[in-house]
Amino acid sequence: DAKTTQPTSMDCAEGRAANLPCNHSTISGNEYVYWYRQIHSQGPQYIIHGLKNNETNEMASLIITEDRKSSTLILPHATLRDTAVYYCIVRVAVGNQFYFGTGTSLTVIP
Amino acid sequence: GAVVSQHPSWVICKSGTSVKIECRSLDFQATTMFWYRQFPKQSLMLMATSNEGSKATYEQGVEKDKFLINHASLTLSTLTVTSAHPEDSSFYICSARDEGATSYGYTFGSGTRLTVV
Numbered sequence: 067d068a069k070t071t072q073p074t075s076m077d078c079a080e081g082r083a084a085n086l087p088c089n090h091s092t093i094s095g096n097e098y099v100y101w102y103r104q105i106h107s108q109g110p111q112y113i114i115h116g117l118k119n120n121e122t123n124e125m126a127s128l129i130i131t132e133d134r135k136s137s138t139l140i141l142p143h144a145t146l147r148d149t150a151v152y153y154c155i156v157r158v159a160v161g162n163q164f165y166f167g168t169g170t171s172l173t174v175i176p
Numbered sequence: 787g788a789v790v791s792q793h794p795s796w797v798i799c800k801s802g803t804s805v806k807i808e809c810r811s812l813d814f815q816a817t818t819m820f821w822y823r824q825f826p827k828q829s830l831m832l833m834a835t836s837n838e839g840s841k842a843t844y845e846q847g848v849e850k851d852k853f854l855i856n857h858a859s860l861t862l863s864t865l866t867v868t869s870a871h872p873e874d875s876s877f878y879i880c881s882a883r884d885e886g887a888t889s890y891g892y893t894f895g896s897g898t899r900l901t902v903v
């Protein structure tokens, strides 16, 4: 079962930062936080993941709170192509399945 | 990066017939693959875990005799929807992990849209 809660939907102005929150209050010490996104009628696309330190890559930044009970995905300069459903998932690093929650539908507005 | 290919991307079949969907890891080996189903405006639901050389593990509520999974090689898993009915119409997605890579998530295929008429 999914162990995360996310807002159902969010809007963001094009060019602005999009901050997508995720609550995972029951996360275990060996569970990572993963973020994927799904553009309509496509398979999910990997964005970023982390354990306890903040992470940044070419797509986004991941901020994990010190108690690890929540995290925020940041898209620094949202474009129209970032309109998608964003999923936050927690799981053990190796071997375990991904269970998807309901995700956040992000709409980037021109 | 790791690529997972699904075939076909869409299929229409008549009620009562069977449909096979293929999932291939193109540039890596995967002893484990996963099959998901997604209905319109809903999230992905894990159906089963496909294990190379052994039986698949199905999630609770998924009929193993209806959704046959075969993982005969390290790069190919197939899902066969047997005796398909209109309620089986859905978006089916597979995923796999490059076990030779460092800690990373799973790569997903582009999905197969099944329509049963």
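One line per chain: the protein sequences are A and B, in this order.
Under the working numbering, the first residue of the first sequence is numbered 67, with each subsequent residue one higher.
Under the working numbering, the first residue of the second sequence is numbered 787, with each subsequent residue one higher.
C-beta: ideal position from N, C-alpha, C; glycine also.
Starting from the beta carbon of residue 100 of chain A, find every residue of chain B whose beta carbon is closer than 8 angstroms, and list them in chain order.
In chain order: 891.
Check whether the Cβ of residue 182 of chain A lies closer than 8 angstroms to any Cβ atom in chain B.
For chain A, the structure presents residues 67 to 176; residue 182 of chain A sits outside this window and is missing.
Are the beta-carbon atoms of residue 903 of chain B and residue 801 of chain B separated by less than 8 angstroms?
For residue 903 of chain B and residue 801 of chain B, yes; Cβs fall inside 8 angstroms.
Give me the Cα-Cα distance between residue 108 of chain A and residue 147 of chain A, rounded to the nearest whole angstrom.
Going by the C-alpha atoms only, they are around 13 angstroms apart.
Would you mind sorting residue 90 of chain A into buried or exposed? The rule is 16 or more other CB atoms within 10 Å of its CB.
Result: buried.
Relative to the C-alpha of residue 810 of chain B, which residue among B:846, B:879, B:796 and B:900 is closest?
For the residues B:846, B:879, B:796 and B:900, the minimum Cα distance to residue 810 of chain B belongs to B:879.
Going by C-alpha to C-alpha distance, which of A:163, A:103 and A:81 sits closest to residue 845 of chain B?
The residue with the shortest Cα to Cα distance from residue 845 of chain B is A:163.
Going by DSSP, what residue range makes up the beta strand (DSSP E) through residue 164 of chain A?
Element bounds for residue 164 of chain A: n/a, residue is neither H nor E.
Does the CB of residue 116 of chain A have a neighbour CB from chain B at under 8 angstroms?
No - not a single Cβ of chain B is within 8 angstroms of the one on residue 116 of chain A.
Does DSSP put residue 185 of chain A in a helix, in a strand, or in coil?
Examination of residue 185 of chain A is not possible in this model, given that chain A is present from 67 through 176 alone.
In chain order, what residues of the same chain lie with their CB nearer than 8 angstroms to the CB of residue 869 of chain B, ignoring the 5 residues before and after it?
Contacts found: 802, 803, 804 and 852.
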